[in-house]
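Chains A and U are the protein sequences, given in the same order. The first sequence lines up with residues 1 to 715 when you count with full-length UniProt numbering. The second sequence lines up with residues 1 to 554 when you count with full-length UniProt numbering. Notes follow once the structure below has been shown.
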Amino acid sequence: MSTTTPVQPAPGAPRGAAPDDEAGGPSGGGRVGAGSFSPRQLLAALPTAVRKLDPRDQVRHPVMMVVWVGSVATTVLAVLDPSVFAVLVAAWLWATVLFGGLAEAVAEGRGRAQADSLRRARATTTARRLRADGTEEEVAAPELHVGDLVVVEAGQVVPGDGDVVEGVASVDESAVTGESAPVVRESGGDRSSVTGGTTVLSDRIVVRVTAEPGASFLDRMIALVEGSSRAKTPNERALDLLLSSLTLVFLLAVVTLQPFSAYSGQAQPLVVLVALLVCLIPTTIGALLSAIGIAGMDRLVQRNVLAMSGRAVEAAGDVDVLLLDKTGTITYGARRATALLPAPGVGADELAAAARLASVADETPEGRSVVALVDAGDDDAPGARATAAEGDLVEVPFTAQTRMSGVDLGPGSPGGARSVRKGAAASVLAWVRAEGGGASPAVDAAVEDVARRGGTPLVVAERADGAPARVLGVVQLEDVVKEGMAARFAELRRMGIRTVMVTGDNPVTAAAIARQAGVDDVIAEATPEDKLARIRAEQTGGHLVAMTGDGTNDAPALAQADVGVAMGSGTSAAKEAGNMVDLDSDPTKLIEVVAIGKQLLITRGALTTFSLANDVAKYFAILPALFAGLFPGLEALDVMHLATPQSAVLSAVVFNALVIVALIPLALRGVRYRPADASSLLRRNLLVFGLGGVVAPFVGIKALDLLLSLLPGIG
Amino acid sequence: MSDAAAGALQVAVLVAALLAAQGPLGAWIARSLSSTRHLALERAVYRVAGVDPDADMRWPVYARSVLVLSAVSVLLLYGLQRVQAALPLALGLPGVPAPTAWNTAVSFVTNTNWQSYSGETAMGHLVQAGGLAVQNFLSAAVGVSVAVALVRGFTRSRTDRLGSFWADLVRTCVRVLLPLSLVAALVLLLGGVVQNLAEPTTVTTLTGGEQTLVGGPVASQEAIKELGTNGGGFYNANSAHPFEGPSAWVSLLQVFLLLLIPFSMPAALGRLVGDRRQGHLLLAVMGGLWLLAVTAVTWAETAGRGLAPQAAGAAMEGKEVRFGEALSALFAASTTATSTGAVNSFHDSYTAAGGGVLLLNMMLGEVTPGGVGSGLYGMLVLAVVAVFLAGLMVGRTPELLGKKIGPRQMVLVALSVLTMPALLLVGAALTAGVPALVGASVQDAGPHGLSEVLYAYASAANNNGSAFAGFGAATTYQDTALGVVMLLGRFVPVVLVLALAGSLARQTAVPAGAGTLSTRSPVFGVLLAVVVVVVAGLTFVPALALAPLAEALS
């Protein structure tokens, strides 16, 4: 069993996040905060926004397409029959379309910077492809195909995604993950995948290419952060349909208004009808809808999570069952020493001393925890023991091959020349046998006992010069539940999410840890098949399941789960199967992913409600302006006492356009989300965006009217 | 007792009676329609009709069955009217002209009961009892069947079956409508509503003039006219005719009858989905909006704006002068809120504001509480819209009664919600926009005339059937156009609702959790009510501003 954790999660190291991004790190207060936004981004996005005036771009957004057509129509009308009013209405309708494009451009622009830095990593490299006969040939990276074998040596860039089939190497993956600590990649097992664009730091590996050029992980990342591969999600399509049908309703209402108006004695100017239509249709949400979606993905990217589709982000908001691996997620993946079990005939002190000696060179949390345990249990002379070994000591570091660490002491040391080893039971026992030692049934029993209780047994052994090696005893490592987990699970419960802990532990240990952590359910002695079966069972019951995983044997479960977050350190099979990849490999991030998913939906709902609520005030502004000439009694509806009919209509149009710009920051940041039960969330958001949406335009339109009525030809 | 107190008292009595009745009746409807047994009478009907009552239908089959039954009904009814002269019990009346026959056939099959003819002087007893009354039963039963099929979409999981239309139809008739009608007819008979198959009686009046009194099977038809939210009166004067509405308490009873089944459907829903509080919420939303309308109309009619109303104490012109203003207002608000269209006063004569509320009542889409069955499915469709907004605002893919609302559901719901406004606005705009049509049908000039046009098309598109009397509907164009509007206004939503039911039934039910938005909470109720009012309000405010609003504010 490994005593090191090759990749430590890097909590709170968001890449590319601005300093004022309060929520880059784990969100302590349970709030999902916002991405950054600065007015400068608006200016930078302006050229792109202007390009988006192209109707071929607009046709993707049915609501904005109507505004576009309205802009063309009013422009023609303003040219045919010029007046200050007609020209201003036409201009502001174009501004409405422009602002919609601006929102989208700003959202996309934020991803583009990240994409550029990723592109640099993809810079053309050459690959050393192995021919069938074992000789090498130089080819350009884009010419590699699935199944090709390439050699990568220290200092070279991995030319494409693939699995290591031969060798071990440390790899710098910072180009992709932003994490600067190198990771170990080796053939076989769950750490065999390498990503194109990363750099091998040491050794030589042979990689079998698993992605066609253009379809690599890096390519997909670039496409994702740029938003270029964005397809509309189911919820987005459903909302689009609702908005389109509302647009149709208003189109009907406005088109039929003309015969009614004519019947009543006076047809309306077309410019005014177009203005009315544009004010009524849900332009606010229509203009911001795609920006909200892009920004949602972007918020994930800022947390180093890549969603392979917007659908996955939305599904995250719906998840109601969370499958979490115990180790590394609920408990510190780094286990801690909790007991020393001496072999028969070995004193407790002797074992403690040897265990400590074997661990001083071990900088892993496990190693440090052994030192801490021994020092805590023996206060008298920790310093003496530590210095005893100095002078003639050779550290034997942990390697992936030996799976143990220790020290070799020279003849000058107090106990004479000897070697001390500590490590996974099987490896150390094999070392003991190789060094002439024998097995000890009592130690084997202790190892089994620790393992059965869910702990990890480490065996400590020593070989004095000339004598056969002997086993000294067992160090029991145990998982400790992370601080704050119980609170997080309680929070999840409030959000309506049930947590299920998955562990290979036996039921007794599993239940004990589950109680400590406060999870709702536990699957003990779980095999990957159990995981898959559980996911299927939950889904059959109508639940949406999220899980994290990194191993190849997690792949089926990741693929089956509605939200499968593959760890960036995981195998390419896992990354292929999941619909999100967490580059930080931090399994607790699922909680944030869920919150971001919810936030995305809430932002859409809030702006839709706001957009519709705005119509009330617009009716009060425009209808009296339209009909007061016909029926003076309708003046009574002019509660805002707007200056003139032209000023009223124009104020509504200008308000309608400006509100889009005003809401771009909200669309990009997302509405704040605080875990709470559904009814109180609904009440709050209805108050803020429903009632606020009714009131805001009354104030805004009146203010604009005061300003616009100063214009000649309007006031 | 003051007028206001009397009005409040009769509303209170009515509400108490409805509250007491809706629970048991809803439970009975739910039980009848989820039964596994067939009654002997039902078996006989199935045998005669040659249908299999145990065939569990997919939604297209269910929809096709509804459409086939309705098409056959329209043809039969049309034929019956055309050849009336050759039939027995025709009272010597001639065959009905083609446009009127078409309009009437469609009108009764769609549960609209718009009458462009004059009741007793156009239709003989056979057509009235054998044609129109039969459709009163069938069209109401179709509404209940479609509503129940939609509810099955919510309750069933991973199936493409919605139940048997024939069993639903026959059971609604045999177990719900027939027994209720029988009791209601007897009570009406006791109250003085006539029931005979006699030839018209000619009497000499006090002044020496001659008057022909037409009797007929009135009580029996009256019962289902109200219970089935049909509204087609035996007499032209509808429930204002002394033979059809002989006394104040009978008039109040008629209001009770026409509200009874629509207000019981939420309870039936609650039973069928196993969540009675869900039924209570829908009942509260429907009832709240209905009460609001009753209050508004009563206020508008009694507040006494204008000279004549002040002199009379209320706007009494065209009202049920025998029973007072309050009962007229209550009847009018209820008949427009239930898609019944029966009247005991003439809506054309209401004040601009009062008439505007009646118009708006229909424009809400007939969901407060709406027609028999159609009110429930209409409300559920709007609940999907509300839940969609609400779901987004709490951060979950919206779900209603455990079923997710995705793009497919939204398409069906959006089209269904769009149908009525489209038919109403386009229909009314065509008439208002063509001077020849205005001249032929619109009696009054100015905003009141526009109200007449809007009212006619609101009534047709919503299958209500009541009318502003000033509107001349008996022209070939209006007969035809209104017939088309009624047909589309009924069956386009029916097909879409059944498709929705089919798409919902296929889904796995999502169990409710803490993150699920409760659709039984008061806050959702408020949202639903707001959606009902705002969707209609935003659509129709411009038109209303030119019609009742302009009239009321001038």
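Cβ coordinates follow ideal geometry from the N, Cα and C atoms, glycine included.
At the 8 Å Cβ level, is residue i part of the contact set with chain A, yes or no?
{"i": "Ile29(U)", "result": "no"}
{"i": "Val534(U)", "result": "yes"}
{"i": "Gly395(U)", "result": "yes"}
{"i": "Ile261(U)", "result": "no"}
{"i": "Thr516(U)", "result": "yes"}
{"i": "Ala4(U)", "result": "no"}
{"i": "Met410(U)", "result": "yes"}
{"i": "Phe388(U)", "result": "yes"}
Does any residue of chain U have a CB that is nearer than 8 Å to the CB of residue i?
{"i": "Ser261(A)", "result": "yes"}
{"i": "Gln599(A)", "result": "yes"}
{"i": "Asn685(A)", "result": "yes"}
{"i": "Met495(A)", "result": "yes"}
{"i": "Ala638(A)", "result": "According to the sequence provided, residue 638(A) is Asp. The question's Ala does not apply to it. Chain U, which has no Cβ nearer than 8 Å to the Cβ of Asp638(A), makes this no."}
{"i": "Phe489(A)", "result": "no"}
{"i": "Phe627(A)", "result": "yes"}
{"i": "Glu592(A)", "result": "no"}
{"i": "Pro234(A)", "result": "yes"}
Cβ of residue i within 8 Å of Cβ of residue j?
{"i": "Pro441(A)", "j": "Val450(A)", "result": "no"}
{"i": "Ala676(A)", "j": "Arg494(A)", "result": "yes"}
{"i": "Leu280(A)", "j": "Asp54(A)", "result": "no"}
{"i": "Ala103(A)", "j": "Ile664(A)", "result": "yes"}
{"i": "Val474(A)", "j": "Val447(A)", "result": "yes"}
{"i": "Leu424(U)", "j": "Tyr457(U)", "result": "yes"}
{"i": "Val535(U)", "j": "Val417(U)", "result": "yes"}
{"i": "Ser345(U)", "j": "Gly26(U)", "result": "no"}
{"i": "Ala577(A)", "j": "Gly551(A)", "result": "no"}
{"i": "Phe217(A)", "j": "Ala223(A)", "result": "no"}
{"i": "Ala316(A)", "j": "Val593(A)", "result": "yes"}
{"i": "residue 560(U)", "j": "Gly95(U)", "result": "Residue coverage of chain U in this structure runs from 1 to 554, which leaves residue 560(U) outside it and unanswerable."}
Helix, strand or coil: how does DSSP classify residue i here?
{"i": "Pro246(U)", "result": "coil"}
{"i": "Ser71(A)", "result": "helix"}
{"i": "Thr247(A)", "result": "helix"}
{"i": "Arg58(U)", "result": "strand"}
{"i": "Ala17(U)", "result": "helix"}
{"i": "Ser170(A)", "result": "strand"}
{"i": "Gly437(A)", "result": "coil"}
{"i": "Phe468(U)", "result": "coil"}
{"i": "Ser405(A)", "result": "strand"}
{"i": "Ser413(A)", "result": "coil"}
{"i": "Pro88(U)", "result": "coil"}
{"i": "Ser349(U)", "result": "helix"}
{"i": "Arg175(U)", "result": "helix"}
Does the Cβ of residue i have 16 or more other Cβ atoms within 10 Å, making it buried, or fewer, making it exposed?
{"i": "Ser116(U)", "result": "buried"}
{"i": "Ser680(A)", "result": "exposed"}
{"i": "residue 559(U)", "result": "Because chain U spans 1 through 554 in this model, residue 559(U) falls outside it and cannot be assessed."}
{"i": "His641(A)", "result": "exposed"}
{"i": "Val494(U)", "result": "buried"}
{"i": "Glu42(U)", "result": "buried"}
{"i": "Val699(A)", "result": "exposed"}
{"i": "Ala426(A)", "result": "exposed"}
{"i": "Gly189(A)", "result": "exposed"}
{"i": "Ala223(U)", "result": "buried"}
Looking at the ligand FAD, does it come within less than 7 Å of residue i, judged from the CB to the closest heavy atom?
{"i": "Leu77(A)", "result": "With respect to the ligand FAD, the structure offers nothing, as it holds no ligand at all."}
If residue i and residue j are in contact, beta carbons under 8 Å, what's the gap, nearest whole angstrom?
{"i": "Ile596(A)", "j": "Gly296(A)", "result": "6 Å"}
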